[in-house]
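Enquirer: This structure is in C-alpha cells; I'll ask about it shortly.
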Amino acid sequence: MGVKLTYYGHSTFVIDADGTTIVVDPFFAPNNPLSPAGATAETIDADFMLLTHGHGDHVADALAIAKRTGCLVISNFEVVTWMAAQGAANVHGMNTGGAYNFPFGRLKSVVALHSSTMPDGSSGGHPNGAVINFNDGTDVYFAGDTALTYDMRLIGEAGGVDVAVLPIGDNFTMGPDDAVIAAGFVKAKRVIPCHFDTFPPIRQNPDDFTRKLAEEGIECTVLRPGEEFEI
Ligand code: NI
Ligand code: MN
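Take the sequence shown: its position 1, counting from 1, is numbered 1487 in the working numbering, and each next residue is one higher.
Structure, rendered in C-alpha cells:
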C-alpha cells in the first residue's frame, strides 16, 4: 500500500497508488523544458489520467498517452468531450463540486480560479482542482492552476489533506506568499510546490517558500523533475 508521487516538472505528476498509475496534467518533452530525460508521451504508462483544465501546458501530451494506453481520462465535461472527439476511447466527465469513487479512491472536483481554453481555441469549461482520498486513507489535493481563493477553506474544514500540490509560480497562478495562505486554508500537513521555473515569468525560489511554510508549521518537499515522494 502507499501513494507515491513522481514529478516531471511544471504541473506533471505520475501517481502510483498501490500499483495503479494516474498521470496528472501530462506535459513532457519536447514542450516541457523541465521534463527529465527519457520522459515523453511515448514512454509514460497510465491507467488513469487527470486533467485539471484545457491549457496546453496541462494537456499537451494527453491525447497521445490516452490513445496509446487506453487510460480513463478524468476531467470536466468540456475537456473530456474534446478528448473523446479526437480519439480518446475512455473518458469520465465531471464538474465542479462532484465526487466519484474510482478504483484508486474517491476524487472530488473542486473550485480553481483560473481559465480553461483548449489548445485549438475551443471551450475547456471551468478549471478545477481535485481532492483525492486514496484507498489507503491518504488525502492529496492537486490545486491545478488557481488563484488563492476562500473556497480552499472548505477543504480544510472537511478535514484537511496529507499533501497539497500547489502552484507557486505567480503571474499565471498564485505565487509563493498566497500559496502559504492556501496551505493553511486546506490544512495541509505537507506541500509539494509546482508550476514554477518552467518559463521566465514563473521563476521562483522554492527554498524561500519552504522557509515561509516552516514558519507556519507546515512541511514542504521540493521535488526536482524526476524525483519521487512516497506519502
Ligand atoms: Ni492554465
Ligand atoms: Mn498552467
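Note that beta-carbon positions come from the ideal geometry of N, C-alpha and C, so glycine has one too.
Which whole-angstrom value is the C-beta distance of T1492 and F1590, which I expect to be below 8 Å?
Expert: For the purposes of this step, residue 1492 is identified with residue 6 of the sequence shown, where counting begins at 1. For the purposes of this step, residue 1590 is identified with residue 104 of the sequence shown, where counting begins at 1. Not a contact, Cβ separation roughly 15 Å.
Enquirer: CB-CB under 7 Å to E1643, same chain, minus the five flanking residues each way: which ones, in chain order?
Expert: Indexing the sequence shown from 1 puts residue 1643 at position 157. Closer than 7 Å at the Cβ level, and outside the excluded window around E1643, lies no residue.
Enquirer: Reducing DSSP to helix, strand and coil, say where F1514 ends up.
Expert: Position 28 of the sequence shown, counted from the start, is the residue given in the question as residue 1514. Reduced to three states, the DSSP call for F1514 is coil.
Enquirer: From H1600, L1709, L1537, pick the residue whose C-alpha is nearest to that of L1558; which is it?
Expert: Start at 1 with the first residue of the sequence shown, and residue 1558 comes out as number 72. That would be L1537, whose Cα lies nearest to the Cα of L1558.
Enquirer: Strictly by DSSP, which residues pair up with F1534?
Expert: Position 48 of the sequence shown, counting from 1, holds the residue named residue 1534. For F1534, which the question treats as bridged, DSSP gives the partners I1508, L1558.
Enquirer: For K1594, write down the residues that DSSP places opposite it in a beta bridge.
Expert: Residue mapping note: residue 1594 aligns to position 108 of the sequence shown, counting from 1. Answer is A1585, V1617.
Enquirer: Three or more beta-carbon pairs under 8 Å between the stretch 1569-1586 and the stretch 1632-1649, yes or no?
Expert: Counting Cβ pairs under 8 Å, fewer than three are found: no touch.
Enquirer: Have a look at N1691 and R1592 and give me their C-alpha separation to the nearest angstrom.
Expert: Here residue 1691 corresponds to residue number 205 of the sequence shown, with the count starting at 1. Here residue 1592 corresponds to residue number 106 of the sequence shown, with the count starting at 1. Spanning the two alpha carbons is a distance of roughly 33 Å.
Enquirer: Roughly how far, in whole angstroms, is the beta-carbon of T1659 from the beta-carbon of A1700, given that I think they are within contact range, below 8 Å?
Expert: Within the sequence shown, residue 1659 is the residue found at index 173, counting from 1. Within the sequence shown, residue 1700 is the residue found at index 214, counting from 1. In fact, because the Cβ distance is near 22 Å, the residues do not count as touching under 8 Å.
Enquirer: For C1680 and F1695, which I take to be in contact (beta-carbon distance under 8 Å), what is that distance rounded to the nearest angstrom?
Expert: As a position in the sequence shown, residue 1680 is number 194, starting the count at 1. As a position in the sequence shown, residue 1695 is number 209, starting the count at 1. In fact, because the Cβ distance is near 11 Å, the residues do not count as touching under 8 Å.
Enquirer: Indicate, with yes or no, if ligand 2 has a heavy atom lying under 7 Å from the CB of S1609.
Expert: Locating residue 1609 in the sequence shown gives position 123, where the first residue counts as 1. S1609: no, Cβ never under 7 Å from ligand 2.
Enquirer: Apart from the five residues just before and just after V1566, which ones in its own chain have a Cβ nearer than 7 Å to its Cβ?
Expert: Numbered from its first residue, the sequence shown carries residue 1566 at position 80. Closer than 7 Å at the Cβ level, and outside the excluded window around V1566, lie V1559, V1577, H1578, G1579.
Enquirer: Quick one: is I1667 buried, meaning 16 or more other Cβ sit within 10 Å of its Cβ, or exposed?
Expert: Numbered from its first residue, the sequence shown carries residue 1667 at position 181. Answer is exposed; the Cβ neighbour count stays below 16.
Enquirer: DSSP three-state call for A1552: helix, strand or coil?
Expert: Within the sequence shown, numbered from 1, the residue matching residue 1552 stands at position 66. DSSP places A1552 in helix when its eight states are reduced to three.
Enquirer: Between the Cα of G1607 and those of L1652, W1568, V1597, F1620, spot the shortest distance and give me the residue it belongs to.
Expert: Position 121 of the sequence shown, counted from the start, is the residue given in the question as residue 1607. Per the Cα distances, W1568.
Enquirer: Using C-beta distances below 8 Å, list every residue in its chain close to T1684, excluding the 5 sequence neighbours before and after it, in chain order.
Expert: Numbered from its first residue, the sequence shown carries residue 1684 at position 198. Same-chain partners within the cutoff: G1495, H1496, N1518, P1519, L1520, D1543, G1655.
Enquirer: Would you check if the distance between the CB atom of G1540 and the CB atom of T1603 is smaller than 8 Å?
Expert: Here residue 1540 corresponds to residue number 54 of the sequence shown, with the count starting at 1. Here residue 1603 corresponds to residue number 117 of the sequence shown, with the count starting at 1. In this structure, T1603 lies closer than 8 Å to G1540 by Cβ.
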